[in-house]
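One structure is given below, encoded as structure tokens.
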Amino acid sequence: MSRILALVLTAVLMNGCASSSPERNTIDEAAAALGGADRILSLTALQIAGSGAAPNAGQNRMPDDELPVWKVSEYTRDIDLANGRTRVRQVREAQFLFAGATVQRVAQGLDDAAYNIAADGTMSRAGDAVAKERRVELLHHPLTAVRAALDSAATLANARTEGAEQLVDLRTAGGDTVTLAVDASTHLPARVISRAGNPNMGDVAIVTTFSDYEDVDGVKLPRRLTTMMDKYLQFDLYVSSNRLGGDVAALSAPAAVKSAPVPPQPPVVVTAEPVATGIWWLAGSGNHRSVVFEFADHLVLYEVPVNEARSQAVIDKARSLSAKPLTKAIVSHHHFDHSGGLRVAVAEGLTIITHRANEAFFKDLLARAHTIVPDALQRNRRPATFEWVDDQMTLKDAAMEVQLYHLLDNPREGTNVFAYVPRERMLVQADLYDASWQQHLWGENVLANLARRKLAIDRSVPVHGVIEPFDQMVKTITATSPPVASR
Ligand SMILES: [Zn+2]
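For any residue, its number in this note's numbering is found by taking its place in the sequence shown, counting from 1, and adding 5.
Structure follows, in structure tokens:
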């Protein structure tokens, strides 16, 4: 009897304590505005269908231009609310010049583990970091966020008012953290904010804003969800249908997928193939290669691509090729997959050679904080030194001459700088051409640029693809470029 009384008293005290906190108040008001805590907690499933847009950060023509956009013509998200399972399917159509398949189908799921679904239905497990990312992403919805906040195992903290919003920090029972912002007058959830470490941008806020609420069976649900990653639009979803309930059995992943070992990160392999006296092509894993030029008393690298791991391995490999110091890195253009090694190159003391139009963008990338996932420059802050390319630049001493040229009037890449080695009649380039591309939509512009510079070229040594004779490159570009009139 006394034990039961103690439990009841404890429950009353905890409840009393909790309901008096400003955090609890904000969540309770949000739950009431959405349709009531009991109603929300009794829901089993939510199905969202719609369409929208998914821009590609770090892939614009100029660093400040509009981002290229995937039009998401079909979007469905099914959520098993009780078990935290979800599945998302998208059909995406490229609205920009793109060398690959311009229609992509993406299907992804989350159960105890994250998994991806191939076009033929095959499911493969993704890593734990992906699972965490998808759990947090799932909280970027009013219903999932408020349900998680109502969970007695969740922690609420730091209630505050900012402008017309009341904010509460939420730590879920599973340890994921987001901030929920509630409209101070309607009490409807206005935004969910999470923080993430982006390889290029460093510490970023990912913010989903909810608007255009509708009533579905007594529950308020947003018809528009707009997600920003830092200053970039990441996803803009227009919901055509919010449906509560439905069969969620299909959302559980097969046991074999959930228990599959977490796939290891593929190792970074950097090979060094000599392609001429004092020139090495650094290939290996992936499809972003670099080139090392040996000058009389130093080495210069063309391209520090992808990310810190790749570029650190490339820098280490370059240094193993010669006793001469590696002092400079040419960054072909500002796209994130080509500038992913910018910060580690600066941390390693390399002078950055790149087009002048990248100045503000690169200086910002270098200044940003990377505290969530600390990188080499975060651990070893040092000032950057730059050499800016305008129309052209020649790097020349007794041992080597490399000419750099700005790729003019390119419809996709406004800051691209390619290299030419006159002694070898060699073109070194990124994104001008890749033998494996299905189409070379800017191929004519590339050939016009090379003709304009009056370069006698025998070989293309690329960042993407394989080394090829120049006449083969011209043949492939000609065969895979659409006629001008059709563009
Ligand atoms: Zn590229």
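Don't be surprised by glycine CBs; every beta carbon is placed ideally from N, CA and C. Keep in mind it's a predicted model, so treat the numbers as computed, not measured.
Measuring alpha carbon to alpha carbon, tell me which residue in the options is nearest residue i.
i	options	result
L172	V93, A365, D188, W393	D188
L355	G346, N363, A362	G346
V280	D33, G289, V296	V296
S441	A35, N363, E167, T481	T481
V378	E473, A99, A134, A323	A134
R458	Q397, S257, D33, D380	Q397
Q113	T107, G105, S129, F103	S129
A374	T177, N203, V336, T184	N203
Q443	T107, V426, T177, R228	T107
A372	K137, R110, M206	M206
H145	V422, S325, T91	T91
V305	V311, I284, A314	I284
E167	A195, V141, G179	A195
F300	E308, L460, T399	T399
L460	N450, V349, V426	V426
K76	Q95, A381, D69	Q95
T359	D70, S344, V275	S344
V407	V349, Y307, D220	Y307
P68	E418, Y243, P272, S25	E418
Q477	P487, S486, S465	S465
P467	A328, R200, I357, E278	E278
S78	E71, L72, D70, Q100	Q100
Checking the sheet assignment: what are the DSSP bridge partners for residue i?
i	result
T232	T213, F240
N247	I53
T91	I84, L115
R458	The partner list for R458 (beta bridge, DSSP) is empty, contrary to what the question assumes.
K333	V305, T356
P227	Y218
N121	Q113, S129
D208	G202
P467	Q434
Would you tell me roughly how many angstroms separate the C-alpha atoms of residue i and residue j, rounded to the nearest one?
i	j	result
Q52	T149	12 Å
N20	T191	Only weak support exists for where N20 lies, its pLDDT of 47 falling under 50; the value from the coordinates is given anyway. Rounded to whole angstroms, N20 to T191 spans 25 Å at the Cα level.
L238	A62	8 Å
K236	F298	37 Å
L155	A35	10 Å
A164	Y438	54 Å
H340	N65	7 Å
V267	F475	43 Å
T483	A456	14 Å
A260	T332	52 Å
R110	D222	31 Å
D463	R430	5 Å
D83	A123	18 Å
L409	A424	5 Å
E28	P330	57 Å
L86	R139	14 Å
I31	A153	Note that residue 31 is Thr in the sequence shown here, rather than Ile. In a straight line, the C-alpha of T31 is about 14 Å away from that of A153.
V253	N88	9 Å
C22	L185	Unreliable positioning characterises C22 in this predicted model, as indicated by a pLDDT of 48, which lies under 50. A coordinate reading is not provided.
W286	H293	11 Å
A104	T81	27 Å
L143	G179	13 Å
H411	L432	13 Å
G291	N421	21 Å
E98	G55	15 Å
P487	H338	25 Å
P272	P310	16 Å
Who are the near neighbours of residue i in its chain, counting only those whose CB is closer than 8 Å to its CB and skipping five residues on each side?
i	result
V224	L39, G40, R44, I45, L48, L148, L249
M6	For M6, the predicted structure reports a pLDDT of 42, less than 50, and the residue's modelled location is therefore unreliable. A value from the coordinates is still provided. Contacts found: none.
D402	F300, A301, D302
Starting from the C-beta of residue i, find all residues in its chain whose C-beta is less than 6 Å away, skip the five residues before and the five after it, and write them out in chain order.
i	result
G470	D439, A440, S441
Q2	Nothing about residue 2 can be read from this structure; the chain reaches only from 6 to 492.
W393	R361
L446	L102
M234	V209, I211
T213	H145, V197, L230, T232
D174	A162, N163, T184
A490	At A490 the pLDDT is 49, less than 50, meaning the model places this residue with poor confidence; the figure from the coordinates comes in the next sentence. For A490, where only same-chain residues beyond five positions count, there are no Cβ hits under 6 Å.
Excluding five sequence neighbours on each side, which residues of the same chain lie with their C-beta closer than 7 Å to the C-beta of residue i?
i	result
R176	A159, T160, T182
A131	A119, Y120, N121
S216	P227, R229
L241	In the sequence on display, residue 241 carries Asp and not Leu. Counting only Cβ-Cβ distances below 7 Å, and skipping sequence neighbours, we find G57, A58, T231.
L452	V479, I482
A404	G283, E299, F300, A301
Would the C-beta of residue i count as close to ligand 3, meaning under 7 Å from any of its heavy atoms?
i	result
H469	Judged by which ligands are present, ligand 3 is missing from the structure shown, whose ligands are ligand 1.
Along the chain, which unbroken stretches of the beta strand (DSSP E) at least 3 residues long are found entirely within the segment 134-200?
-> 160-167, 170-176, 182-188
Scan the segment 38-87 and note each continuous beta strand (DSSP E) run of 3 residues or more that stays entirely inside, going in chain order.
-> 50-60, 74-85
Counting only runs that start and end within the segment 239-315, where is the alpha helix (DSSP H) found for 4 or more residues in a row?
-> 260-263
Can you give, in chain order, each stretch of the alpha helix (DSSP H) that sits fully within the segment 359-437 and has at least 4 residues?
-> 364-372, 381-384
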